[in-house]
Structures are given as structure tokens and as C-alpha cells.
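One structure is given here, and the rest of the page talks about it.
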Amino acid sequence: MTTDASPALQVDDLVVAYGRVQAVRGVSFTVPSGGLVALVGANGAGKSSILNALAGLVRPRSGSVRFGGRDVTRRPAHELVAAGLVQVPEGREVLATMTVDENLRLGAWHRRSDADERIDEMYGRFPVLAERRALQAGALSGGEQQMLAIARALVAGPSVLLMDEPSMGLAPKIVDEVFAVIAEIQAAGTTVVLVEQNARRALRAATYGYVLESGTVAHEGPADDLLADRRVIQAYLGIE
Amino acid sequence: MQQIVNGVFTGSIYALFAIGFTLVFGILHRLNLAHSAVFAAGAFIGIELAENAGMPIWLAIPSVLVAGGVLGLVIERLAFRPLGGRHDAHFAGLISSIAVGAMFLALLQARYGPDTRRFAPDTFPQHRYDVLGVSVSLLQLTVVAVSLVLMVGLSVLVARSRLGRAMRAVAENPHAARVLGINVDRVTAATFALSSALGAVAGVLFALSVNSAQLSMGFNIELKGLAVIIVGGMGSLKGAMVGGLALGLIEVFAVTQIGSSWRDVIAFGLLIAILLVRPQGLFGSRKVREV
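Chains as they are written, first to last, in the UniProt record's numbering: chain A, 1 to 240; chain B, 1 to 291.
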């Protein structure tokens, strides 16, 4: 797909533990620049823990993360966001008592010089946010909050976007919209790592996929191959 | 009328003390009980600068502001940050801040001894003005003006500035703030610095107004400040301002109308009465904090 010298993300033998419980037990994977890689698997398979470790929100016990060729293992989240590795968190985490506009301004925390332009760009792209800019984010619908969470991550100007369960709790029609936005983000050149319980949906959007099971990689391959793989279908996708 | 002026004068110092106290609580959900030691330290540092270093008072007050900010950073580093990861961080910080406050007082005592310290008589010009039969001193006007400017400045900073926006984000959801790339440790430190800067200035203004500073001067105001921020609504800047001024006014009226021995009975009795009617405080919200 791409022939860049270094992949956008290179994860080697990542271990994440909470106390004595190992949530991620030695996971390795590569995210090519410009790609859309899906991490799928059941609840508790370690998907979110991987994403939080990549985002600098959880310190991995061992292993390494390279971002654009640079070792960023255990760097704090604020450094990673400034460098262009940005997360759209599970559950959206919009700041409910602050306005839509303030949420976007906080997303632009590290973009001091061009914050206004980037925020205006987001208003152009998500007209519903422009209409609601003075409203408290807590007053938005679930789908609007998800769009705000995505827009808020995009104003930071990420080269890699980590998306944690963006379709969770949303109506099917809104899920379609969210996946359309994800496709646009990738088309615009941003690398995406997508964590989803909705495995079939995620693999259809992705170029490459990893199926996780109890903190390890059970299957991997081009997303189309995984979608056609009998074992993956039986264990994770079910019959449509 | 004269009583109102006196009440506003005392109340503005209470309010300035309380607003810093409530800032840390409102943003970080921590009670910093070293705040009273910062108040005392502000007074002693002010006297040191004015008397020993020969600094004019208009320069000493901003210097106390800066020194207070540094003390806030020290409190955050020593009393709060090391315990931040604990499940009982709330309570642990409360206790360790008492300890850091005690250390500050011990350092002050080591340098200045246990005796009362005073400004030289000519530190502040002794002008008095008569306005509509009310006598107001330049000192009173200055204290009220400095307090108001600092309190309004803090409110505007929290409401409008980039740092203030980050502080409110940390107050609502520290995890979301981290996800957005905000350096939460730095915002936390800045909150403590602002809080202590105002607490220290409250101390030097108080010392100027009674022309004395004692090591124990923080204890009385700590209880009053706590009462003020509870009555104002925990974490509410406006509540601390209004509550502080109200307490000053109530005290002055209690002393002049009923007698000085009744001052605390009346003042705290009224505060309790307010809480019975509005348990969340004057400007507090009823919302249950999410963990």
C-alpha cells in the first residue's frame, strides 16, 4: 500500500498490566502510514488497553511503541498529542458543562497559532456543531457528542488518530455517519487505528485487521481475508 | 454607614483568603489546609521585604504575590502530588497539607521567633478621607481595591483565558483533559500557585490593616474561610467573594449592635442558618459529583 520508510506506528511485544492482571500479553503490530488498521475482539480482549498505552494514558509494563520511527514508549499523553498521536476516547468524554466551542478550543490546546482556522474548518465539516457551538456539550445527542469528540481530536491535527469504540451506543443510522467520517479522515491522509466491538463493521472499513483474544493476537491479516476466514467468522463475526 | 465601610474592609480580606481556598477545592476537589500558613507567611514576608529589605509597600505587595505562588508550588509538590495516585488521595492530601503548613510556620518561627512583628509606622501613608460623613483611610481603600482587583482578575482568568479553560476541563474530567493533551500536572501546579498567591496577599493586607503579624494569625481565618466557602458553595468563586464580604459585615454589626463577645456566635449562627435553608451553599450547584 504505502512504501514509507517507517510505519506510522510500530508496536513490539507490548504488555499492559493492572496490578497482577495482565490485560495485554505481548502484542506486536504495525500500522502503515495512511492505513486504517482495526483491532477487534471480544470485551476484555485488551483492545482499549492497547489504545490507552499508545496514547500515553496507561504506562505499559514492557514492550515498545514507535511513532513515526521515534520511540515514544511511556511518553506522557500531552507530548504525544503535541506530536500528532491523538485519541478519540471510549465513551466520547466530551466536557459536558463546557460549550461545544470550548471543547474544540481545548482540542486545539497545542495549536496556538492556527486554532481559530482549524476550529472554523471543523465547523464547516460538521455543520451541526456550528449550529450548536454555544450549547453545553452535555446537551448534545449521543451522535452529536461523538462527532464533537472526533472534531475535537481532529483540531489537534493528528497524523495518527486512535479511535476507541466510536460506534458504541449509537443508533444504526448514526453508526453509518460515524463510519463515513472515518473513511473521510483516512482519505484525507490521516492514519487511523480503530478499536471496535462491532468487528464486521470495523473490518469492512479497515485495510488490515488484528483479532485479539485474552490480550494476545489470535489472527491477523488484510481485512478482507479476515472477513472471509471461516475461523474468524465462527468465533467473532457470527453469521450475518 | 461607617459600619458598612468597616465591614467591607474586613470582609474583602476574608473573601480574598476564601477565594484561593475555594479555587483549589473547585478545580481539584482537594482541601488545602496549608492555606492558613501561607496567609501567615505572606504577612511575615511582607514585613521582611518592607522593613529589612527596605522595599516600598507598593512593591512589597506584588512581591508577596509572587512568593505566595512559589509556596503554592511547594505545597503541591510536597503535600499533594506524591499522594495523588492513592485511593484516599482526598484525605491524604488534607492531612499532609496540615503537615506542610506546620513546617512553614516552624520555618517562620525559626527565623522570626515567636513574637508579634509589625510594619514600621510610616510604611503606609496615613491619609483619611471623609465622604458623606464616613471616615475612610487610604489603607482601607487600598485593601479593598487590591482584593477586588485580584478576585475579579481570578474570575476572568478562570472564565476566559486558555489556562482557565484548562482548569475547568480538569475540574470536570481530568481524564478527558489528559486525552486532549493538557498537561494536568502543570495545570494542577498553576492552580495551587494562583490560590496561594492570593492567600499570601490576603495575609499581608491583614497584617497591614491591624499592623501586626503573629504565627497564629492563620488559624482563626482558616475556620472563617472554611465557613465562607461552605456557605458560598464549595468551589464557587462568586460564593467565596459574597460569603467573605457578608461575614465581614455580619461581624462588624454584631460587634457594634450587640457586643464584641457575641461576634462569633452571631456570625457562625447566621452561617449555619444559611446552610439550613440552602444546604448546597449560596452559589453551589446541587449536582452530585461524578467520580
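Glycine is no exception: its CB is placed at the ideal position from the N, C-alpha and C atoms.
Run the CB neighbour count on S236 of chain B, radius 10 Å, all protein chains shown included, and call it buried at 16 or more, exposed below. Position 236 of the second sequence, counted from the start, is the residue given in the question as residue 236 of chain B. Under this definition S236 of chain B is a buried residue.
Using a 10 Å radius around the Cβ and a threshold of 16 neighbouring Cβ atoms, would you call Q145 of chain A buried or exposed? Walking along the first sequence from the start, residue 145 of chain A turns up at place 145. Result: buried.
Could you compute how far the alpha carbon of G107 of chain A sits from the alpha carbon of A153 of chain A? Stepping through the first sequence from its first residue, residue 107 of chain A is reached at position 107. Stepping through the first sequence from its first residue, residue 153 of chain A is reached at position 153. Rounded to whole angstroms, G107 of chain A to A153 of chain A spans 6 Å at the Cα level.
Is the beta carbon of A77 of chain A within less than 7 Å of some heavy atom of the ligand GDP? No copy of the ligand GDP occurs in the structure displayed, which carries no ligand at all.
What ranges does the alpha helix (DSSP H) occupy inside the stretch 105 to 139 of chain A, keeping only unbroken runs of at least 4 residues that lie completely in it? Runs of the alpha helix (DSSP H) inside the stretch 105 to 139 of chain A: 115 to 125, 127 to 131.
Please state the DSSP three-state secondary structure of F119 of chain B. As a first step, residue 119 of chain B must be located in the second sequence, where it is residue number 119. Residue state, collapsed to three classes: coil.
Grab the span of the beta strand (DSSP E) containing R66 of chain A for me, first residue to last. The residue you call residue 66 of chain A lines up with position 66 of the first sequence. Counting along the chain, R66 of chain A sits inside the beta strand (DSSP E) bounded by residues 62 to 67.
Which residues in chain A have a C-beta closer than 9 Å to the C-beta of E172 of chain B? List them in chain order. Here residue 172 of chain B corresponds to residue number 172 of the second sequence, with the count starting at 1. Correct list: L95, A96, T97, M98.
What did DSSP end up calling T73 of chain A once you bin it into helix, strand or coil? The sequence position of residue 73 of chain A within the first sequence is 73, counting from 1. Three-state result, T73 of chain A: coil.
Quick check: what's the CA-CA separation for A37 of chain A versus I95 of chain B? Reading the first sequence from its first residue, position 37 is the one you call residue 37 of chain A. Reading the second sequence from its first residue, position 95 is the one you call residue 95 of chain B. The sequence as given places Val at residue 37 of chain A; Ala does not occur at that position. Distance between the alpha carbons of V37 of chain A and I95 of chain B is about 48 Å.
Could you check whether S36 of chain B and G113 of chain B sit closer than 8 Å to each other, using their CB atoms as the reference points? In the second sequence, counting from the first residue as 1, residue 113 of chain B sits at position 113. In the second sequence, counting from the first residue as 1, residue 36 of chain B sits at position 36. No, these two residues do not count as a Cβ contact at 8 Å.
So with Cβ pairs under 8 Å, would you call G84 of chain A a contact of chain B? Along the first sequence, one-based indexing puts residue 84 of chain A at 84. Not an interface residue.
Distance cutoff 8 Å, beta carbons only. Does H175 of chain B sit that close to anything in chain A? Start at 1 with the first residue of the second sequence, and residue 175 of chain B comes out as number 175. It does; some Cβ of chain A falls within 8 Å.
Could you tell me whether the Cβ of L180 of chain B comes closer than 8 Å to any Cβ of chain A? What you label residue 180 of chain B is simply residue 180 of the second sequence in a count that begins at 1. With 8 Å as the cut-off, L180 of chain B counts as an interface residue toward chain A.
Taking Cβ to Cβ, would you say A223 of chain A is nearer than 8 Å to G209 of chain A? Residue mapping note: residue 223 of chain A aligns to position 223 of the first sequence, counting from 1. Residue mapping note: residue 209 of chain A aligns to position 209 of the first sequence, counting from 1. In this structure, G209 of chain A lies closer than 8 Å to A223 of chain A by Cβ.
Test: A156 of chain A CB closer than 8 Å to a CB of chain B: Here the question's residue 156 of chain A lines up with position 156 in the first sequence. Interface with chain B (8 Å Cβ-Cβ cutoff): A156 of chain A is included.
Separation of S260 of chain B from Q140 of chain B, as counted between CA atoms: Against the second sequence, residue 140 of chain B aligns to sequence position 140. Against the second sequence, residue 260 of chain B aligns to sequence position 260. When rounded, the separation of the alpha-carbon atoms in Q140 of chain B and S260 of chain B is 21 Å.
Counting along the chain, where does the beta strand (DSSP E) carrying V27 of chain A start and finish? Stepping through the first sequence from its first residue, residue 27 of chain A is reached at position 27. Counting along the chain, the unbroken beta strand (DSSP E) around V27 of chain A starts and ends at 21 to 31.
Considering just the uninterrupted stretch of the beta strand (DSSP E) at V37 of chain A, what are its terminal residues? Position 37 of the first sequence, counted from the start, is the residue given in the question as residue 37 of chain A. V37 of chain A -> beta strand (DSSP E) spans 36 to 41.
Roughly how far, in whole angstroms, is the beta-carbon of A171 of chain B from the beta-carbon of I27 of chain B, given that I think they are within contact range, below 8 Å? Reading the second sequence from its first residue, position 171 is the one you call residue 171 of chain B. Reading the second sequence from its first residue, position 27 is the one you call residue 27 of chain B. Sure, about 4 Å apart at Cβ, within 8 Å.
Neighbourhood of T123 of chain B by C-beta distance below 6 Å, restricted to the same chain and skipping five residues each side: Here the question's residue 123 of chain B lines up with position 123 in the second sequence. A50, I57.
In or out: E131 of chain A buried (at least 16 other Cβ within 10 Å) or exposed? In the first sequence, residue 131 of chain A corresponds to position 131, counting from 1. The residue in question, E131 of chain A, is exposed, as its Cβ has fewer than 16 Cβ neighbours within 10 Å.
Beta carbon proximity, T3 of chain A to chain B, threshold 8 Å: Translated into positions along the first sequence, residue 3 of chain A becomes position 3. Residue placement at T3 of chain A cannot be trusted, given a pLDDT of 49 that sits under 50; what the coordinates show is reported in the next sentence. False, the Cβ-Cβ gap to chain B never drops below 8 Å.
Against chain A, with Cβ distances strictly below 8 Å, would T188 of chain B count as a contact? As a working mapping, residue 188 of chain B is identified with position 188 in the second sequence. Output row for T188 of chain B: interface = no.
Whose Cβ in chain A lies nearer than 8 Å to the Cβ of R165 of chain B? For this step, residue 165 of chain B is matched to residue 165 along the second sequence. Under the 8 Å cutoff, chain A gives M98, E102, R105, L106.
Run down chain B in chain order and give the residues with a C-beta less than 8 Å from the C-beta of R152 of chain A. Against the first sequence, residue 152 of chain A aligns to sequence position 152. Annotation: Cβ neighbours of R152 of chain A in chain B (cutoff 8 Å, chain order): L180.
Just tell me which of B:T22, B:Y14, B:V8 has its CA closest to the CA of F283 of chain B. The residue you call residue 283 of chain B lines up with position 283 of the second sequence. Distance from the Cα of F283 of chain B is smallest, within the candidate group B:T22, B:Y14, B:V8, for B:T22.
At least one CB of chain A closer than 8 Å to the CB of R159 of chain B: is that the case? Translated into the one-based positions of the second sequence, residue 159 of chain B becomes position 159. Position check: residue 159 of chain B holds Ala in this sequence, whereas Arg was assumed. Taking Cβ atoms only, chain A never reaches closer than 8 Å to A159 of chain B, which makes this a no.
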